[in-house]
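*Asks:* Each residue of the sequence shown is one higher than the last, beginning at 1 in UniProt numbering.
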Amino acid sequence: MAYVFTASKASSIRLACSAKFLSSSQDVLVTVAANTIYIHQPHTLTPSHEITCYGRISTITAFKYYESNLDQLFITTEDHKYFTLSYIDEKVSTSTIGDLDTPGLSSPDMGHRVVASNEYIVLYMYNGIISIIPIHQSANPKKRAADGNHLIGLPQQVRLDELKIHGLTMLNYTKNTPAFGVLYRDLSLNTHFKSYEIHARKGELELRKGLLTLSNLEHGTNMIISDVSGGLCCIGESTMYTKTLTEVQKEFPISTPTLFNSKTQTEANRWILGDDYGLLYTMTISADGPVLRQMSLSKETGLSSVSIPYVLVSLDNDLFLGSHYGDSQLFSLPSMELLAKKTNIGPIQDILVQAPNGAGGSSSLITASGAYKDGALKFIKYGIGMAEQAELEMDNIRGIWGLDELAIVVVGLVDNYIVLQVSDDGEIDQLDSGEEEIVYACSIHQNLVLVKRQQLEMQSDGVTLGSQAVSGVTFVKSSRGRLYILNDGVLEVWDVQNESFVLLHSKQFDMEVSTFEVAYNTVIVGFWDSDLLWIGNQDLTSNSDFHMKEAATPHSILMQEMSSIEHVVVLVAMNDGSLLSFNYDENAKTLINQKETILGTTPITLHVFKTQGKHNIFAVCDRPTIIHATQSKLAFSNLNIPACTYFTSFECPALHAHMIIATGKGLRIGGIDDIQKLQFSSLPLGELPRRLVTTGGAIAALTMRMEVEQISGNETQRSYLRIFEPETYDQLDEYELLENEMCQSLCHLVIDGQDRIVVGTSFTDDEQDECTRGRLILLGINESDKTLWLVTQTEVPGSVYCVAAVGTQLVAGINSFVRLFDTSSGSVKEISKFRSSTYALAIAVHEDTVLIGDLMKSVTYLRIKAGELEEIARDYIPTWMTAVQFCDDKTFVGAEAEGNLILLAQHDSPLPENKMRLQRIGEFRYGEMINRLVPGTFIVPEDTTVVHPRLIFGTVDGSIGCLGTIDPDYVNLLLELQSNIGTVRTNVGGLSHAEFRGYKCAGTKNLEPTRFVDGDLIEEFLELTGEQQGRVCEGVGKSVEEVEKLVEDLARLR
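Structure follows, in structure tokens:
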């Protein structure tokens, strides 16, 4: 039983458009990554709306219907569903849904196409079939009522003579009759253009041949531009073709051949084009024909090139470049100044998991991402990153207090203190010091107030203005110009006046006070080894008692209003590392909705800080945590810093900082820009990274560099093994493969205690369809300077698609054979082989067993016994595998080319013939092609967790997901919750969660997933209303509170 959740959503952008969706006066950018739609804030790549759909989106376009000031969005999915989205009452809602699924018809190899005019939406979803959907524009209320007041009408499918269409556009050559054109290939693979006019007759649509045609275009012609004057331009690799109603077909050569892949219109007759090599061009169309020029980037931008574009969108003075291979970018026009970028980690070729340090830590990942000149190593760390602005070395810190209005930081040491001041230019100087221990410091009436063990003191510019003797202070808070101190066990309220301290109130409790909080005219007091909380006013009267559900010792209490949460949040942090959260009922003066979360194993101290206008909470413990609000719930994110001991909020514009953290080495001053759980950084390679491995204190990467000769247009490629330092990621050495030799696979091998890197290769031969020659290369790394040296090599009869080490032996998938090699003698010697079905593309090993993923014939389970490869079992259902991995000793996971995950185990039947079969015990459609499955987890879970993470996977679209096994006692509960949530929640576009996650490949379509739980859906329980949560919990045997606690624990696995 498997549990799957997404740690990082898809980042590759292949679909985008502009629309006046939120406002009639401004275009906004709408982008699509896999099954998620992002609507962005103007001039940024920050989403204002994020919409997840239960279907992989294939097309998106904007249209407008009668009397609407706003555009609508028309969206289709790969499952041939369609729907429209509208922005009504400041919410994105579904307006229309439909289904064009037609069994027996084949989908085009080049994907779906959609275009829209004022009257029609034209869809190409099946070979030789055009679907036309009318947009209702009638001003007649009776006609609109007869249409059901829908935005669009029912689709009408029309068969065309052209079967292989790869381009679609609306045409402008006539004002009264809508027309569209198609770019297609005939049976001889010649490329042509043909136009059609749409005529409506008595509710039926009729297609008539249009007036624009182009014939015998060069093979690489794949782009159509229709200008405002009604003319037409088709663009190939080396030629542009034009045609108008009054002129014959003309040809214009392109000076440097290229592969155009994207376009956007910026002015009436001006376009920006992008190509496969990451170059941008401007094209203008005049009476003399099209003029194409390569864009030169402004030197002021500091950019030498842009990412390889997949989609271009022109907005108000902005240009968006969506990329599949690199980061998506937003530029200003015409200067091409970079305004923003969105990190893209797709397509992921390989993943390297760096294990956490100690229990409860988090792993970091290195991915081989991107391709061509956008290829890079991406470094992904779990937790929130701190942008450090300054660091001060200091020992024996016992407390820090930041005073924003005075630009002062007070640092308490073991038996003394220092006062630091930050100047307007960011310089940090020591202002004062003292020989006494500091318990607390704050600013009141623009003066510095220091609370010492036996004295309250007020200072200004280093001069003491007033003081007050006290017995023995152990804890202090301040609020509204008053000090609340725990003085010799008595809670006292002192008013701080200009030069004196006046005792206003005091209260002696029957139990020993451990901590207290003062905020919102309320005082909350916690006691040692007690479940009691005392709640009163700030004058220490009108008290009420509240009993927590379990007795413990509160170490820190905090009250704070959090964005998107209705009630004031009260957090009670315990000595054992647990955290209780409540909502404060101001009318009843009590706490409600108690929840518990385990943050660490040491006492927790809570502090408020502010970033990007929102209040967040910093929890100081052995696992520093940021607590923030998201979607009306508290969320918890680890901070990527060493264990901190003290914290203070410090808003300092001169240092661009809003926090100070004390570690064992000193003070770190900085801030947090984004509250997010994954932090990304990049090492650009400028070439395709294929495989990664760690060995001998270094990181090894197989890369492939592809270059294009400008004159001939021919591509050349060279492959390299590169070695990087694991901390700084500086390149230490490289090993270049032979000419026409392509890197394929990589693994780490240990022989006699010495680290070896194994590289599998193939040689390209244009004259043969199948590779017949490759090499296995063993390389060593010098301990001193980390340089590479060749140990041995051997030639093999084919391409080494995959390789793995089992002790001193190597198992390699070479063409259609799995071959076993021995390396113990220092050379590579083949000792056994096993015939796979087609091509052995993926491999995983566990002890002496091997999993092989075949190109077409699913998974084979092998054992190495006495130096021989023997088959244990196999899956006999034909499946195109992309990755395989062991989930545990008895279950295996395979990833399939259409985005499915398969859970396999040996057949439990007593029949001998079934023992040789692998049984499919679970099937699930993730919806994205998975390239790599590796053992590992982001978070080391507690022993009591319901889900045990096993694997991390990466996809072509840049998603990172996790797969785990479920405790058997919770399997049925999670399956019931999955079914109930999918039924209760309102799905965008009316799409079914069960149908989307059901296994689907050629000839097979399941209506729901089998023995898989979708963790992303389970976590949506927290976003449901109280009434919806109640409906979900009906019949599952758990209360809403119990399910909520379970789901919150599962969400912490991210």
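Positions of the beta carbon are idealized from the N, C-alpha and C atoms, including for glycine. Owing to the predicted nature of the structure, the values given are computational and were not obtained by experimental measurement.
By DSSP, does residue 312 sit in helix, in strand, or in coil?
*Replies:* Strand, per DSSP.
*Asks:* Taking buried to mean at least 16 other C-beta atoms within 10 Å of its own C-beta, is residue 723 buried or exposed?
*Replies:* Burial call: buried.
*Asks:* For residue 34, which of helix, strand or coil comes out of DSSP?
*Replies:* Correct three-state label for residue 34: coil.
*Asks:* Are the stretch 383-393 and the stretch 325-342 touching by the rule of at least three beta carbon pairs closer than 8 angstroms?
*Replies:* No, the stretch 383-393 does not touch the stretch 325-342.
*Asks:* For residue 19, which of 36, 13, 41 and 5 has the nearest alpha-carbon?
*Replies:* With distances taken between Cα atoms, residue 19 lies closest to 41.
*Asks:* Work out the CA separation of residue 259 and residue 1059 for me, nearest whole Å.
*Replies:* Residue coverage of the chain in this structure runs from 1 to 1054, which leaves residue 1059 outside it and unanswerable.
*Asks:* Please name the residue in 39, 14 and 61 whose C-alpha comes closest to that of residue 52.
*Replies:* Comparing Cα positions, the closest option is 39.
*Asks:* Look up residue 969 in the DSSP assignment and say whether it is helix, strand or coil.
*Replies:* In this structure, residue 969 counts as helix in the three-state DSSP scheme.
*Asks:* Are there three or more Cβ pairs, one per stretch, closer than 8 angstroms when the stretch 375-383 is compared with the stretch 981-996?
*Replies:* Output reads no: the stretch 981-996 does not touch the stretch 375-383.
*Asks:* What is the DSSP secondary structure of residue 290, counted as helix, strand or coil?
*Replies:* Strand.
*Asks:* Taking three-plus beta-carbon pairs below 8 angstroms as touching, is the stretch 95-103 in contact with the stretch 15-29?
*Replies:* Cβ pair count under 8 angstroms is below three, so no.
*Asks:* Nearest-angstrom Cα distance between residue 153 and residue 203?
*Replies:* Approximately 10 angstroms between the Cα atoms of the pair.
*Asks:* Under a Cβ-count criterion, where at least 16 other Cβ atoms within 10 Å of its own Cβ denotes burial, should residue 453 be classed as buried or exposed?
*Replies:* With fewer than 16 other Cβ atoms within 10 Å, it is exposed.
*Asks:* Candidates 68, 103 and 181: which alpha carbon is nearest residue 123's?
*Replies:* Ranking 68, 103 and 181 by Cα distance to residue 123 puts 181 first.
*Asks:* Assuming residue 547 is part of the beta strand (DSSP E), what are its boundary residues?
*Replies:* Here the beta strand (DSSP E) through residue 547 covers 544-552.
*Asks:* Pick from 945, 947, 964 and 205: whose alpha carbon is nearest that of residue 953?
*Replies:* Comparing Cα positions, the closest option is 964.
*Asks:* Measuring straight from C-alpha to C-alpha, what distance separates residue 1012 and residue 1043?
*Replies:* If I take the Cα positions, the gap works out to 19 angstroms.
*Asks:* If you follow the beta strand (DSSP E) that residue 1026 is in, where does it begin and where does it stop?
*Replies:* Where residue 1026 is concerned, there is no enclosing beta strand (DSSP E), although the alpha helix (DSSP H) it sits in stretches over 1026-1033.
*Asks:* Buried or exposed for residue 908, please, with buried defined as at least 16 other CB atoms from any protein chain shown within 10 angstroms of its CB.
*Replies:* Residue 908 comes out exposed.
*Asks:* Run the CB neighbour count on residue 225, radius 10 Å, all protein chains shown included, and call it buried at 16 or more, exposed below.
*Replies:* With 16 or more other Cβ atoms within 10 Å, it is buried.
*Asks:* Given residue 609, which residues of its chain have a CB within under 7 angstroms of its CB, disregarding the five upstream and five downstream residues?
*Replies:* Excluding positions up to five away in sequence, the list reads 616, 618, 649, 658 and 659.
*Asks:* For residue 577, which option in 603, 772, 487 and 1047 has the closest C-alpha, if you only look at C-alpha atoms?
*Replies:* Comparing Cα positions, the closest option is 603.
*Asks:* Among 71, 511 and 880, whose alpha-carbon lies nearest the alpha-carbon of residue 21?
*Replies:* Looking at the Cα atoms, 71 is the closest of the given residues.
*Asks:* Measure the alpha-carbon distance for residue 899 versus residue 875 and round it to whole angstroms.
*Replies:* When rounded, the distance between both Cα atoms is 18 angstroms.
*Asks:* Determine the direct distance from the alpha carbon of residue 261 to that of residue 274, and round the result to whole angstroms.
*Replies:* Each residue's Cα considered, the two are about 6 angstroms apart.
*Asks:* Give me the DSSP bridge partner(s) of residue 419.
*Replies:* Answer is 410 and 432, bridged to residue 419.
*Asks:* According to DSSP, is residue 301 helix, strand or coil?
*Replies:* For residue 301, the predicted structure reports a pLDDT of 46, less than 50, and the residue's modelled location is therefore unreliable. A value from the coordinates is still provided. Here residue 301 sits in helix by DSSP.
*Asks:* Rounded to a whole number of angstroms, what is the C-alpha to C-alpha distance between residue 555 and residue 279?
*Replies:* Those two C-alpha atoms are separated by around 59 angstroms.
*Asks:* Would you kindly work out how many angstroms separate the C-alpha atoms of residue 544 and residue 995, rounded to a whole number?
*Replies:* Using only the alpha carbons, I get a separation of about 53 angstroms.
*Asks:* Check this for me: beta carbons of residue 496 and residue 481, under 7 angstroms apart or not?
*Replies:* Yes, the pair counts as a contact, with Cβ atoms nearer than the cut-off.
*Asks:* Report the three-state DSSP secondary structure of residue 839 (helix, strand or coil).
*Replies:* Here residue 839 sits in coil by DSSP.
*Asks:* For residue 487, report the span of its beta strand (DSSP E) as first-last.
*Replies:* Note, residue 487: beta strand (DSSP E), 482-487.
*Asks:* Starting from residue 805, follow the beta strand (DSSP E) in both directions and report where the run begins and ends.
*Replies:* First-last of the beta strand (DSSP E) with residue 805: 800-806.
*Asks:* Leaving out five residues before and five after residue 43 in sequence, what residues of the same chain have Cβ atoms less than 7 angstroms from its Cβ?
*Replies:* Same-chain partners within the cutoff: 318 and 339.
*Asks:* Do residue 791 and residue 778 have their C-beta atoms closer together than 7 angstroms?
*Replies:* Cβ atoms of residue 791 and residue 778: closer than 7 angstroms.
*Asks:* Can you look up residue 938 in the DSSP assignment and give me helix, strand or coil?
*Replies:* Three-state result, residue 938: coil.
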